[in-house]
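What follows is a short report on a single structure.
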Amino acid sequence: MPSKSATRFELVDVALIRLRGVRRTYSSPGSPDVEALRGIDLDITQGEFVAVVGPSGGGKTTLMNILGLLDDATSGTYVLDGGDTRASDGRRSSSVRARTIGFIFQAFHLLEGRPAAHSVELNLLYRGMRRAERREKVRRAIDSVGLSDRAFQSTSTLSGGQRQRIAIARAIAGDAKLILADEPTGNLDSANAARVLDELQRINHEGATVIVVTHSTEVAERARRVIHIADGKLVSDVQQVSSGSNSESDSAGQSLQGSASSRFPRAREEEDAQSKGRIRFVDMLRDAWASVVSRKFQTLGQGLAVAIAVALTITTLGLSASARAQVSATFDAHLNREVSARWSTGVPNSPPLETIPERVEQLSGVDAAAAVIDLRASTVSTFAESRQIQPHVAIGHIAAAARLSIDEAPWHRGPLEAGEAYIGDLLAKDLQLSSIDSAPTILVDGISYVVAGIITESSRLPLLRGEVVVGPRDDLTAGGPIDVTMLAVTSAGAAQQVAKQLPSALNPFQPEQIVVAAPTDSAQLRGQVEQGVQTTLIAFTLLALIVAIAALMNATLLAVNARRGEIGMRKALGARDRQIGALITLESAYIGFVGGVAGLLLGMAAILVVTVTQRWAPVFDVVLLPLAIAVGMIVGAGGGGLASIRAARLRPAENLRS
């Protein structure tokens, strides 16, 4: 209660602010309760200029938080403009703060890195006011504080005095009835402090109720009423003649009601009440984008995390498609085109050896065929060296059927003829064979053969590089039945069909005597290989996405922690919890979109590098284009999800001093 010597301010009109028995107690586990306010009774009428003074820790800031609906009293009642409103009533308190209360903070709390006009219009934004109307009100407010030439200058480049005047412009832009200023001159030199106090007096003379929390006697001297708070109690409540007022100050209280009526028309209040604080979605998008652009380095870091995740996704999916195409090409070109058959010439009705290639090549789907007969181990020699190896006889197009790479003699064309031979490059080196251009000869078990070519590669029959293949011989069956191997290469996808027809083509009377070797069904095997490749790449992609979301979530949480002051300021100016959450989510989605585009480009570049290096045909699925953007936005929104929840739950009173 005030001391007996204090002069009480007699109220002559309906109070704008009425406190009765207001107490605020802070409790924490393991610590004694702290009473910040103890039974405060206070009335303040429209149009007053009040200074709240007292020692640090006396309860001034707590009182200011309750007056500004940033905190609730533990007990007692608070009536503002005829309505009993509590800070815990989120939607109503946000609406009241947006249309009734203007805040001026000691720490300014401007939107850093953005034009000053953006900070001034923030309260109007959360009132759902149209853009054209906002711009006009912002222009008038900035003009009124003499900073029209700084409206679109970045707040980061403004001086302390200019920043505080922008904060004042923000408070008056929405025609607030109540201006709450917390140490408005605490960070300013004397010249700028005087200019700020002049602005506050001007606002008060126009009809606004101004309440200033201060330690400064100069500030208190400007007020017409000084309230002293100490140890949570109202010690004194004194009316005075402010030093900065003019000769008409004594009668100002009588005229302010008329001024306030013109400044705060009821129609405007009703219009604001109807808007219910619904910020326009397009304005929310603009605000989120401006916020993202204003924090370039933070945005770059978060965007890079998204870009890497999207690039890995696009790269793995793109390479998966390219790898599938490569697997298909490889199967078509090799394994699923090779068919072989074995039988003994002792089987009745076996075909003559010289007719085998022609019979097989007549089958639909066969590209090349040859018969191979293994001879017993023999001595192969030249004039210089000799080696003991196993020679083979080939009838038909052995080069194509066995997939041989042969360095042909310039004089040789077509399949091997009698008296001709192909020699493996490893054996030719051991035998010190001369150049095939000179048609060198070799002896195989005493029979002379002209070397028609050197085998340099043999993927189907690898041992041939150390052996000899000779042309047809008439004495092959002179010593009795022999085993014959038929090699065939088919068209892509025809191997299974040829394998079924081959026994009947070779021995129609006893096809069961023909042992055919054909590859596993190409479609099934190819599908298994492709599925394995795709599963591995998808698992890698999911891991990359999880890591990216976790990294982005951590970065966004740190960013929200660094922006606690801004978030507290936004809530003080009328932002609701869900609007703060939506802002953080939209910012994350923007970062995800930009990161998705960058990741798409990086991923496509990576696909090109890998496929060109591996000599694959690059495969780009058009689905990857929208997928990259979608993945980027999902990663961005997912990474910002927890941060948006945390930001929405921040209490403004606890964060405005951050």
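In my numbering, the protein residues as written are -9 to 648.
In this text, a Cβ means the ideal position worked out from N, Cα and C, and glycines have one as well.
Nearest candidate by alpha-carbon position, reference residue i, set the options
i	options	result
residue 181	302, 360 and 151	151
residue 474	489, 487, 490 and 503	503
residue 379	604, 404, 417 and 129	417
residue 567	194, 641 and 424	641
residue 78	628, 62, 530 and 488	62
residue 336	471, 276 and 376	471
residue 285	577, 20 and 630	577
residue 579	66, 590, 107 and 628	628
residue 32	119, 225, 131 and 525	225
residue 552	633, 485, 49 and 408	633
residue 138	107, 119, 166 and 407	107
residue 119	368, 274 and 41	274
residue 590	308, 165 and 46	308
residue 36	14, 70, 51 and 58	70
residue 331	617, 80, 83 and 506	506
residue 174	206, 288, 599 and 220	206
residue 40	466, 72 and 6	6
residue 574	526, 540, 637 and 168	637
residue 299	38, 147 and 542	542
residue 438	452, 458 and 52	458
residue 399	368, 372, 440 and 408	440
residue 639	587, 622, 547 and 476	547
residue 142	168, 170, 111 and 117	111
Inter-residue spacing [alpha-carbon to alpha-carbon] between residue i and residue j
i	j	result
residue 17	residue 122	47 Å
residue 24	residue 202	24 Å
residue 92	residue 163	9 Å
residue 185	residue 538	50 Å
residue 410	residue 352	26 Å
residue 60	residue 561	8 Å
residue 235	residue 194	Confidence is the limiting factor: at residue 235 the pLDDT is only 46, short of 50, which leaves the residue's position unreliable and the question unanswerable from this model.
residue 128	residue 544	36 Å
residue 30	residue 11	5 Å
residue 555	residue 593	38 Å
residue 305	residue 461	51 Å
residue 9	residue 276	40 Å
residue 301	residue 581	15 Å
residue 597	residue 615	14 Å
residue 496	residue 341	6 Å
residue 252	residue 198	Here the model assigns residue 252 a pLDDT of 45, short of 50, so the residue's position is not dependable and the matter cannot be decided.
residue 413	residue 327	25 Å
residue 660	residue 619	Given that the chain is displayed from residue -9 to residue 648, the structure contains no residue 660 and the question cannot be resolved.
Spatial neighbours of residue i in its chain, beta-carbon cut-off 8 Å, leaving aside the 5 residues before and after
i	result
residue 635	571
residue 109	100, 101, 145, 156, 157 and 160
7 Å Cβ shell around residue i - same chain, five flanking residues per side excluded
i	result
residue 177	96 and 150
residue 487	355
residue 279	580
residue 218	43, 44, 225 and 226
Local conformation of residue i per DSSP, three classes
i	result
residue 636	helix
residue 361	strand
residue 433	strand
residue 554	helix
residue 279	helix
residue 427	helix
residue 98	coil
residue 252	Because the pLDDT at residue 252 is just 45, under 50, the model does not fix this residue reliably, and the value given afterwards should be weighed accordingly. Residue 252 falls in the helix class under three-state DSSP.
residue 298	helix
residue 38	coil
residue 396	strand
residue 142	coil
residue 410	strand
residue 29	strand
residue 260	With a pLDDT of only 42 at residue 260, under the threshold of 50, the placement of this residue in the model should not be trusted; the figure read from the coordinates follows. Three-state DSSP puts residue 260 in a helix.
residue 422	coil
residue 504	coil
residue 499	coil
residue 239	Confidence is the limiting factor: at residue 239 the pLDDT is only 42, short of 50, which leaves the residue's position unreliable, though a coordinate-based value still follows. Here residue 239 sits in helix by DSSP.
residue 373	coil
residue 164	coil
Residue i: CB within 7 Å of a non-hydrogen atom of the ligand COA
i	result
residue 621	Looking for the ligand COA in the displayed structure turns up nothing, as the structure carries no ligands at all.
Own chain, CB closer than 6 Å to residue i, minus 5 neighbours either side, in chain order
i	result
residue 190	200
residue 384	360, 362, 406 and 459
Rounded Cβ spacing between residue i and residue j (contact assumed at less than 8 Å)
i	j	result
residue 209	residue 187	6 Å
residue 88	residue 558	About 15 Å separates the two Cβ atoms, so there is no contact after all.
residue 345	residue 395	28 Å between Cβ atoms; not a contact.
residue 26	residue 49	5 Å
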